[in-house]
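**Student:** Structure incoming, see below.
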Amino acid sequence: MTDAIVTENLRKQFGQFEALKDLNLAIEPGVCVGYLGPNGAGKTTTIKILTSLLRPTGGKAFLNGIDVVHNPKEALASVGAVVETPQLYPQLTPMEILAYFGQLRGLDSNVIRERSVEVLEEVKMSDSANKRTGEFSTGMKQRVAIAQALLHDPSILILDEPTVGLDPRGMIEVRELIKQLKERDFTIFMSSHLLNEVQEVCDKVAIVDKGALLVYDTVANLSTVSESRVSLTAVEPITAEQCSSVQALPNVRSVKRVATSELLITIEGGLREQSDLLDQVKSTGLRVAFYTPAGSAIEDIYLRLVPEEEY
Amino acid sequence: MPPSDLRQMAVVTRYELLKYLRGKRLLIIIVLVAVIGVLNLVVPPTIGSGYDPDPTTFTSGMLNEVGILVVLCATFFGADAIVSEFEQKTGLLLFPNAVNRHVLVLGKFIASAIVSVGAVALYYAITAVAAVVIDGSLAANTSLSFLYCLAYLFGILAITYFFSAIFRSSVYSIVLTFFTFFLILPIIDRVGSSIAHFKPWFSITFASGIVLDIFQQPYPLDMVRTVERTFRNTTRTLTVAQYHPSVAQGLAVIFVYFIIGLILSLVITKRREM
Numbered sequence: 006m007t008d009a010i011v012t013e014n015l016r017k018q019f020g021q022f023e024a025l026k027d028l029n030l031a032i033e034p035g036v037c038v039g040y041l042g043p044n045g046a047g048k049t050t051t052i053k054i055l056t057s058l059l060r061p062t063g064g065k066a067f068l069n070g071i072d073v074v075h076n077p078k079e080a081l082a083s084v085g086a087v088v089e090t091p092q093l094y095p096q097l098t099p100m101e102i103l104a105y106f107g108q109l110r111g112l113d114s115n116v117i118r119e120r121s122v123e124v125l126e127e128v129k130m131s132d133s134a135n136k137r138t139g140e141f142s143t144g145m146k147q148r149v150a151i152a153q154a155l156l157h158d159p160s161i162l163i164l165d166e167p168t169v170g171l172d173p174r175g176m177i178e179v180r181e182l183i184k185q186l187k188e189r190d191f192t193i194f195m196s197s198h199l200l201n202e203v204q205e206v207c208d209k210v211a212i213v214d215k216g217a218l219l220v221y222d223t224v225a226n227l228s229t230v231s232e233s234r235v236s237l238t239a240v241e242p243i244t245a246e247q248c249s250s251v252q253a254l255p256n257v258r259s260v261k262r263v264a265t266s267e268l269l270i271t272i273e274g275g276l277r278e279q280s281d282l283l284d285q286v287k288s289t290g291l292r293v294a295f296y297t298p299a300g301s302a303i304e305d306i307y308l309r310l311v312p313e314e315e316y
Numbered sequence: 018m019p020p021s022d023l024r025q026m027a028v029v030t031r032y033e034l035l036k037y038l039r040g041k042r043l044l045i046i047i048v049l050v051a052v053i054g055v056l057n058l059v060v061p062p063t064i065g066s067g068y069d070p071d072p073t074t075f076t077s078g079m080l081n082e083v084g085i086l087v088v089l090c091a092t093f094f095g096a097d098a099i100v101s102e103f104e105q106k107t108g109l110l111l112f113p114n115a116v117n118r119h120v121l122v123l124g125k126f127i128a129s130a131i132v133s134v135g136a137v138a139l140y141y142a143i144t145a146v147a148a149v150v151i152d153g154s155l156a157a158n159t160s161l162s163f164l165y166c167l168a169y170l171f172g173i174l175a176i177t178y179f180f181s182a183i184f185r186s187s188v189y190s191i192v193l194t195f196f197t198f199f200l201i202l203p204i205i206d207r208v209g210s211s212i213a214h215f216k217p218w219f220s221i222t223f224a225s226g227i228v229l230d231i232f233q234q235p236y237p238l239d240m241v242r243t244v245e246r247t248f249r250n251t252t253r254t255l256t257v258a259q260y261h262p263s264v265a266q267g268l269a270v271i272f273v274y275f276i277i278g279l280i281l282s283l284v285i286t287k288r289r290e291m
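Okay, here's the thing in structure tokens:
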């Protein structure tokens with residue numbers, strides 16, 4: 006089966022700045038991929054090339070096997086995209102904007118009407134369906150943009166920071182929406198700064214930095230190979246000796262004192278190793294008050310792969 | 018599969034027209050047309066000079082300002098047509114659709130042309146009705162003048178689209194359109210004719226002279242003559258030149274501007290990144 010999204014040695018140069026360096030990525034159909042990286046890593050550049058907003062300096066990009074650079078009309082036929090925070094035409098209502106793009110995509114007028122009602126309902130914009138968008142907030146515009154991306158029931162959904170500009174409720178709703186879309190066999194390629202969001206929503210993660218792909222794997226695989234961090238709070242202040250004892254325990258990579266009675270411990274391994282460590286810490290005589298994971302598996306792998314000075 | 022380019026172009030045109038109808042610019046242009054018309058009809062009797070009894074002279078007098086109207090239409094409906102998609106970030110929504118950029122440009126151009134033609138046609142209609150009511154008949158060649166004016170409008174609009182394609186800000190595009198067709202080219206035309214004594218045949222504003230020249234019988238020809246003027250006992254020989262574009266030459270120049278402007282705007286917009 007043809008991969009849904011493929012980039013082959015994709016390069017993009019802005020003057021002297023190399024935004025993408027031979028990016029190779031192959032995303033199989035039906036998966037939800039979180040695309041992570043620090044600012045300037047090349048996330049939006051990749052998405053803009055895939056959506057024909059930018060032309061690559063070199064390499065190729067394919068959507069459903071069709072070259073998006075040389076044949077954007079066919080390549081984008083089954084793609085819905087929300088790039089950055091797009092603005093809407095203030096003279097038009099959401100229903101009219103959806104009708105405009107529906108007609109551009111060749112949908113029948115009855116289908117457009119039915120689908121417009123459905124997608125506006127999905128993004129909770131039914132109440133404003135017939136109001137002109139000139140006075141809409143950023144969050145409302147983002148919802149309409151997501152609605153237009155879903156209108157033609159595309160096989161590929163490309164989302165660039167889809168929750169940017171949304172209030173907390175909106176962020177949760179969009180996350181839930183993406184989870185629902187996953188169940189409908191969409192291929193979702195979503196860039197985000199929010200690591201927890203990606204872990205919650207995505208099946209696979211691609212981390213890019215300085216224009217190069219660092220890792221592309223399932224969240225489950227990354228969680229097992231990852232080192233993890235736990236926060237340990239003791240009942241009494243932790244002495245230097247106790248700190249050294251913890252440092253000497255198996256699988257412990259580093260121990261950092263963050264407060265008089267709190268340690269941040271980095272260990273090699275996942276949940277099993279965290280559980281073992283707790284037993285071992287107790288055996289040293291340290292009275293543990295709280296023992297909680299510090300950050301998600303994705304956060305851990307992200308922090309390990311992306312050097313500190315970049316974010 | 019997405020529809021044909023032609024169908025998509027029609028969709029773009031329809032929604033661009035809807036945006037114009039919902040916006041204020043169309044209303045402003047209609048008001049301007051009305052104001053120019055009313056001023057031309059009200060001022061002569063008010064200052065006691067009355068209307069010209071010859072329908073041809075009356076009509077060409079009324080149409081003196083049609084060049085201004087053409088440039089205003091191009092500025093209002095073309096100067097930010099492309100740049101605004103980039104500047105306002107609406108292109109982030111539009112361009113990732115399965116539609117070729119040249120289709121978007123042509124669809125927009127057709128919409129701009131339709132509303133501009135509407136405005137110019139309205140002014141010609143006011144002029145024609147006024148000529149019939151006041152002088153009893155329509156001036157000969159009014160329809161030819163209208164056709165030449167439309168050609169001029171398309172030429173100006175194409176260049177305006179080119180400006181809109183190259184700039185990052187609609188302000189630059191609007192200002193350049195305004196200055197090019199109200200100042201720069203008219204100055205070149207005037208300096209060329211009256212001081213440097215060369216025929217500025219390459220200028221589209223000079224070429225637009227056919228819109229009014231067509232009313233003159235016979236059609237005016239270039240005229241260069243020398244006259245002697247005496248001032249404070251010194252006699253000087255002066256050269257006086259009056260140049261007119263021939264219809265063929267005027268239309269050819271306008272056509273070249275139209276083709277070059279449109280092709281450049283298509284190519285630049287296609288290659289432009291967001």
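Keeping their order, the protein sequence lines are chains A and B.
Okay, so the first sequence: first residue is 6 according to my numbering, each after it adds one.
Okay, so the second sequence: first residue is 18 according to my numbering, each after it adds one.
Even glycine gets a Cβ: it sits at the ideal position worked out from N, Cα and C.
Fair warning: this is a prediction, and the values are worked out from it, not measured in the lab.
Can you tell me whether M195/A is helix, strand or coil according to DSSP?
**Tutor:** Residue state, collapsed to three classes: strand.
**Student:** Closer than 7 Å by C-beta to G35/A: which residues in its own chain qualify, once you throw out the five before and the five after it? Chain order, please.
**Tutor:** Closer than 7 Å at Cβ, skipping near neighbours: D190 and T192.
**Student:** Flag V116/B as yes if its beta-carbon sits less than 8 Å from any beta-carbon of chain A, otherwise no.
**Tutor:** Closer than 8 Å: yes.
**Student:** Assign Q147/A to one of three DSSP states: helix, strand, or coil.
**Tutor:** Looking at Q147/A - three-state DSSP - the assignment turns out to be helix.
**Student:** To the nearest angstrom, how far is it from the Cα of Y236/B to the Cα of G20/A?
**Tutor:** Using only the alpha carbons, I get a separation of about 56 Å.
**Student:** Could you check whether Y40/A and K48/A sit closer than 8 Å to each other, using their CB atoms as the reference points?
**Tutor:** Against a cut-off of 8 Å, the Cβ pair of Y40/A and K48/A comes out as a contact.
**Student:** P173/A CB to nearest chain B CB: under 8 Å?
**Tutor:** No - not a single Cβ of chain B is within 8 Å of the one on P173/A.
**Student:** When DSSP labels each residue in this structure, what does E232/A get in the three-state scheme?
**Tutor:** Of the three classes helix, strand and coil, the one that applies to E232/A here is strand, per DSSP.
**Student:** Alpha carbon to alpha carbon, how far is R24/B from A24/A?
**Tutor:** Computed Cα separation, rounded: 37 Å.
**Student:** Is any beta-carbon of chain A found at less than 8 Å from that of R39/B?
**Tutor:** Yes, R39/B counts as interfacial toward chain A.
**Student:** Just the C-alpha distance for G45/A and F22/A, rounded to the nearest angstrom, thanks.
**Tutor:** If I take the Cα positions, the gap works out to 10 Å.
**Student:** Starting from E82/B, find everything on chain A with Cβ-Cβ shorter than 9 Å and list it in chain order.
**Tutor:** Under the 9 Å cutoff, chain A gives no residues; its nearest Cβ is about 29 Å from E82/B.
**Student:** Looking at the secondary structure, which residues open and close the beta strand (DSSP E) in which R24/B lies?
**Tutor:** No beta strand (DSSP E) holds R24/B; the alpha helix (DSSP H) holding it covers D22 to R39.
**Student:** Quick test of your reading: M100/A and A150/A, contact by CB under 8 Å. State the CB separation rounded to the nearest angstrom.
**Tutor:** With 8 Å as the limit, M100/A and A150/A do not qualify as a contact, their Cβ atoms being about 15 Å apart.
**Student:** Buried or exposed: which applies to N69/A, given that a residue is buried once 16 or more other Cβ atoms fall within 10 Å of its Cβ?
**Tutor:** Result: buried.
**Student:** Using alpha carbons as the reference points, say which of T76/B, I204/B and R185/B lies closest to A156/B.
**Tutor:** Considering only alpha carbons, the answer is T76/B.
**Student:** DSSP three-state call for G105/B: helix, strand or coil?
**Tutor:** Rather than Gly, the amino acid found at residue 105/B in this sequence is Gln. Three-state result, Q105/B: coil.
**Student:** In angstroms with no decimal places, state the Cα-to-Cα distance between T247/B and E104/B.
**Tutor:** Cα to Cα, the separation comes out at about 59 Å.
**Student:** Hey, is the segment 161–173 of chain B in contact with the segment 119–138 of chain B, meaning 3+ C-beta pairs nearer than 8 Å?
**Tutor:** Yes, they touch.
**Student:** Can you list, in chain order, the residues of its chain with a C-beta nearer than 7 Å to that of F275/B? Leave out the 5 residues immediately preceding and following it.
**Tutor:** Closer than 7 Å at the Cβ level, and outside the excluded window around F275/B, lie F171, G172 and A175.
**Student:** Just to make sure I have the definition right: I need the residues of chain B whose C-beta is within less than 7 Å of the C-beta of V88/A. Which are they?
**Tutor:** The answer, in chain order, is L109 and P113.
**Student:** At a Cβ threshold of 8 Å, is K125/B touching chain A?
**Tutor:** Cβ-Cβ to chain A under 8 Å: no for K125/B.
**Student:** Report buried or exposed for M79/B, applying the criterion of at least 16 other Cβ atoms within 10 angstroms of its Cβ.
**Tutor:** Buried, since its Cβ has 16 or more Cβ neighbours within 10 Å.
**Student:** Which ranges does the beta strand (DSSP E) cover as unbroken runs of at least 3 residues, wholly within the segment 221–269 of chain A, from first to last along the chain?
**Tutor:** List check, beta strand (DSSP E) in window: 232–239 and 257–264.
**Student:** Could you compute how far the alpha carbon of R185/B sits from the alpha carbon of G275/A?
**Tutor:** Going by the C-alpha atoms only, they are around 51 Å apart.
**Student:** Enumerate in chain order the residues of its own chain whose CB-to-CB distance from V273/B is below 6 Å, with the five nearest sequence positions on each side excluded.
**Tutor:** Around V273/B: no qualifying Cβ.
**Student:** Could you tell me the alpha carbon to alpha carbon distance between A245/A and V263/A, rounded to whole angstroms?
**Tutor:** Straight-line Cα distance between these residues: approximately 13 Å.
**Student:** Could you name the residues of chain B that Y4/A contacts, counting a contact when the two beta carbons are closer than 7 Å?
**Tutor:** In the structure as shown, chain A starts at 6 and stops at 316, and residue 4/A therefore has no counterpart that could be examined.
**Student:** Could you check what DSSP says for N115/A in three-state terms: helix, strand or coil?
**Tutor:** In this structure, N115/A counts as helix in the three-state DSSP scheme.
**Student:** Using the Cα positions of S254/B and P262/B, report the straight-line distance between them to the nearest angstrom.
**Tutor:** Note that residue 254/B is Thr in the sequence shown here, rather than Ser. Computed Cα separation, rounded: 26 Å.
**Student:** Is it the case that the CB of I231/B approaches a heavy atom of the ligand HEM more closely than 7 Å?
**Tutor:** Looking for the ligand HEM in the displayed structure turns up nothing, as the structure carries no ligands at all.
**Student:** Where does the unbroken beta strand (DSSP E) through E13/A begin, and where does it stop?
**Tutor:** Its beta strand (DSSP E) spans residues I10 to F19.
**Student:** Please classify I161/A as buried or exposed, where buried requires at least 16 neighbouring CB atoms within 10 angstroms.
**Tutor:** When all chains shown are included, I161/A counts as buried.
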